[in-house]
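Chemist: Using the working numbering, the first residue of the sequence shown is number 14, and each one after it goes up by one.
Don't be surprised by glycine CBs; every beta carbon is placed ideally from N, CA and C.
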Amino acid sequence: MDLIIGKNNSILRKKLNPAKDFDRQLKNIVTEMKKKLTAAVGVGLAANQVGINLALFIAKPKDKFYVFVNPKIELTKKPILTEEGCLSLPGQWGYVKRSTEVKINYQDLAGKQRKLKTTGLLAHIIQHEFDHLQGVLFIDKTKEVFEINKTNE
Ligand SMILES: [Zn+2]
């Protein structure tokens with residue numbers, strides 16, 4: 014499972030298909046994604062970022078993993094400008110307007126329908142990853158993309 018990189022990579026630009034089979038294979042994909050996210054020291058990862066065409070993403074705002082399959086989201090608060098980066102766009106960041114609260118309807122790994130209302134970092138991650146599932150990257154939503162100057166680190 015390799016990380017898919019680059020704003021023009023067609024894999025990152027396609028809307029993903031809904032997951033239909035809640036089987037062992039799906040669980041294995043999520044297990045591999047969790048390993049990948051941990052290794053990359055990221056907070057969220059969508060399936061297309063590792064080349065999988067399924068509408069699912071994982072989030073890890075602190076120590077706990079969240080798994081969202083076939084999500085639908087509703088933005089329930091006014092947006093604020095937030096700093097954002099992406100594992101698929103290394104070295105780049107920008108400011109994106111994100112709601113401070115979201116409601117998400119999704120399925121868990123057993124296929125059970127669930128819902129969650131959340132704020133803070135998890136709400137932010139959910140909006141970024143949900144965009145990935147539509148083939149949208151944060152650079153599409155920011156006025157200016159900044160490059161991290163490695164010599165200043
Ligand atoms: Zn991303």
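(1) Taking DSSP as the reference, what is the three-state secondary structure of V80?
(2) Just how far apart, CA to CA, sit V63 and D15?
(3) Pick helix, strand or coil for K20, following the three-state DSSP scheme.
(4) What are the start and end residues of the beta strand (DSSP E) that includes R127?
(5) Check whether the Cβ of S101 sits closer than 7 Å to any heavy atom of ligand 1, and report yes or no.
(6) So is the beta-carbon of H137 under 7 Å away from any non-hydrogen atom of ligand 1?
(7) What residues match up with A72 in a beta bridge as DSSP calls it?
(8) Classify A72 as buried or exposed, calling it buried when 16 or more other Cβ atoms lie within 10 Å of its own Cβ.
Modeler: Quick look at the numbers:
(1) strand
(2) 6 Å
(3) coil
(4) Q126 to T132
(5) yes
(6) no
(7) G57 and Y79
(8) buried
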